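**Student:**
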Amino acid sequence: MRAVTVVPGRAHSLTVRDDIPEPEGDERQALVRVLETGICGTDVDIEAAQFGDAPPGSPYLILGHENLGVVEKAPPGAALGRGDLVVATVRRPCPERCRACVEGQQDMCLSGHYLERGIKGLHGFMSDLYAESPHYLVRVPPSMRPIAVLVEPLSFIEKGIEQALRFQQRLVYEPGHALVLGAGPIGLLAGLVLTLRGLRVTLASRGTPDRPGARLAEDAGMRYVSTDATPVDRIPALVGPIDLVFESTGAASMVMPAITVLGLNGLCILGSVTAGEKKTQVDVAAFNQSMVLGNRVVLGTVNAALRHFEAAARDLATAQVRFPGWLERMITRRVPPQDARQAFERGPSDIKSVLRFD
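Here is the structure:
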């Protein structure tokens, strides 16, 4: 079968192959034919040898964790059937079976020895077929076929926002104003969910307001601010105090501004992994005083549990009705797997690139 592979640890080793054996699976697993896989910064970093691990004994790793497929064969007694559209979750429990993993919260694994499809120790979904336990498959309705590949990238956003809003129940008022940093797929999806939750959203990024991401933000009711014209620390003077920040730029240089721009009692969600090395100088005394006296909170979000995938599917369905065509516009490029290398190179007008296996 076809698959997009890399050799972990070897930069720019991406290869499109057609000689990969089809998965055999077992009687407890479903066989899923891949329709689409999204390309994200994690895939790009693995291809650049920043991280990533092949399965034991395999010289290569099949990439891909953002996915949409159709069940080709279901095991006896499964709630899924042939022809069902499904999205697979990404992380699998650690071999130590820590308490979090036993309870189905492998996204909060305590040992750190979890496995992840297409990232760490397990092959991913950039292939014609994969086998998986139905326990890790989320069914989506046919109406979501054009945009369901966005369920996985939205899932960890759902987790972060769920935790943030739960934590902010400490307040006697509802958080009202959110700032999202970054106009890529994660920033736009975070802004979308915060809008659906009733917050007023400002989305800030580099670039002019005529950029595709800026136009999408405004079409969903967000306010767009160019950080080229208004640095992050000046945004509150323009739009008012910030109750919640979602940082999605992937730039290490934005981490401290994302935290220090918070208003009193504010909370910052760090939602991007920053590979490489970036050093800065921080006045730790002033930073600590600001955090303590301002009751400010910082949390990170990575991966997601099954309920967050289900929440992502619900919110995407809601957004399809509230903002018709908006999600479809996020997916700016669909290419066949043989053009994967081209798709890994982001163009100036790209937001989300997707590989089509159907």
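The numbers in the working numbering rise by one with no breaks, and the one at position 246 of the sequence shown is 458. In this text, a Cβ means the ideal position worked out from N, Cα and C, and glycines have one as well. The structure presented is a predicted model; accordingly, all values stated were derived computationally and were not measured.
Short check: CB of F368 to CB of N515, under 7 Å?
**Tutor:** Yes, Cβ-Cβ distance for F368 and N515 is below 7 Å.
**Student:** For the alpha helix (DSSP H) containing E259, list its first residue and its last residue.
**Tutor:** 253 to 259
**Student:** Of all the beta strand (DSSP E) runs that stay within the bounds of the region 432 to 467, which reach a length of 3 or more residues?
**Tutor:** 435 to 438, 456 to 459
**Student:** Taking only runs that begin and end inside the region 257 to 317, name each unbroken alpha helix (DSSP H) of 4 or more residues, in chain order.
**Tutor:** 311 to 314
**Student:** Who are S565's beta bridge partners in DSSP?
**Tutor:** I251, R545
**Student:** At 4 residues or longer, what runs of the alpha helix (DSSP H) sit wholly inside the region 308 to 363?
**Tutor:** If we require 4 residues or more, the alpha helix (DSSP H) runs fully inside the region 308 to 363 come out as 311 to 314.
**Student:** How would you call R446, buried or exposed, if buried means at least 16 neighbouring beta carbons within 10 angstroms?
**Tutor:** exposed
**Student:** Ignore the nearest five residues each way along the sequence and tell me which others in S561's own chain have a CB closer than 6 Å to its CB.
**Tutor:** P424
**Student:** Can you tell me which of A290, V467, M320 puts its alpha carbon nearest to the alpha carbon of L393?
**Tutor:** Ranking the options by Cα distance to L393, first place goes to V467.
**Student:** Return the CA-CA distance between P410 and G388, expressed in angstroms with no decimal places.
**Tutor:** According to the sequence shown, residue 410 is Gly rather than Pro. Cα to Cα, G410 sits roughly 8 Å from G388.
**Student:** In this structure, how does DSSP classify R378 when only helix, strand and coil are distinguished?
**Tutor:** R378: helix per DSSP, three-state reduction.
**Student:** Is the separation between the beta-carbon of E370 and that of A524 shorter than 7 Å?
**Tutor:** Going by beta carbons, E370 and A524 fall inside the 7 Å limit.
**Student:** By the DSSP assignment, the beta strand (DSSP E) with T217 in it spans what residues?
**Tutor:** Following the DSSP letters along the chain, one finds T217 inside the beta strand (DSSP E) bounded by residues 215 to 218.
**Student:** Just list the beta strand (DSSP E) runs in the region 504 to 546, keeping only unbroken ones of 3 residues or longer that don't cross its boundaries, in chain order.
**Tutor:** 509 to 512
**Student:** Count the other CB atoms within 10 Å of the CB of T492; is the residue buried (16 or more) or exposed (fewer)?
**Tutor:** exposed
**Student:** DSSP three-state call for L400: helix, strand or coil?
**Tutor:** L400 carries a helical assignment under DSSP once its states are collapsed to helix, strand and coil.
**Student:** Which residue marks the beginning of the beta strand (DSSP E) containing R229, and which one marks its end?
**Tutor:** First-last of the beta strand (DSSP E) with R229: 227 to 229.
**Student:** Please classify D238: is it buried, with 16 or more other beta-carbons within 10 angstroms of its beta-carbon, or exposed?
**Tutor:** Exposed is the label assigned to D238, since fewer than 16 other Cβ atoms lie within 10 Å of its Cβ.
**Student:** Return the bridge partner residues of A416 from the DSSP annotation.
**Tutor:** L393, V437
**Student:** Classify Q501: buried if its beta carbon has 16 or more other beta carbons within 10 angstroms, exposed otherwise.
**Tutor:** exposed
**Student:** Buried or exposed: where does V444 fall if 16 or more other Cβ atoms within 10 Å of its Cβ makes it buried?
**Tutor:** buried
**Student:** For V496, does the three-state DSSP call read helix, strand or coil?
**Tutor:** helix
**Student:** How should Y385 be labelled, buried or exposed, when 16 other C-beta atoms within 10 angstroms of its C-beta is the threshold for buried?
**Tutor:** exposed
**Student:** Would you kindly report the start and end of the unbroken beta strand (DSSP E) that includes I481?
**Tutor:** 479 to 482
**Student:** Which term fits S417, buried or exposed, when burial requires 16 or more other beta carbons within 10 angstroms of its beta carbon?
**Tutor:** buried
**Student:** Going by CA-CA distance only, name the one from P536, R558, F535 that's closest to R546.
**Tutor:** When each option's Cα is compared against that of R546, the closest is R558.
**Student:** Taking the alpha-carbon of A242 as reference, which of G488, L341, G506, P307 has the nearest alpha-carbon?
**Tutor:** L341
**Student:** My output table needs one value for L243: the three-state DSSP class, helix, strand or coil.
**Tutor:** strand
**Student:** Tell me whether the region 342 to 361 and the region 524 to 534 touch, counting them as touching only if at least three CB pairs, one residue from each stretch, are closer than 8 Å.
**Tutor:** yes
**Student:** Specify the secondary structure class of A223 as computed by DSSP and reduced to three states.
**Tutor:** Correct three-state label for A223: coil.
**Student:** Excluding five sequence neighbours on each side, which residues of the same chain lie with their C-beta closer than 8 Å to the C-beta of G488?
**Tutor:** Q262, A464
**Student:** Nearest-angstrom Cα distance between A441 and T414?
**Tutor:** 15 Å
**Student:** Under the three-state reduction of DSSP, which class applies to T486: helix, strand or coil?
**Tutor:** coil
**Student:** Quick check on L366: buried or exposed, where buried means 16 or more other Cβ atoms within 10 Å of its Cβ?
**Tutor:** buried
**Student:** How is F368 classed by DSSP in three states: helix, strand or coil?
**Tutor:** helix
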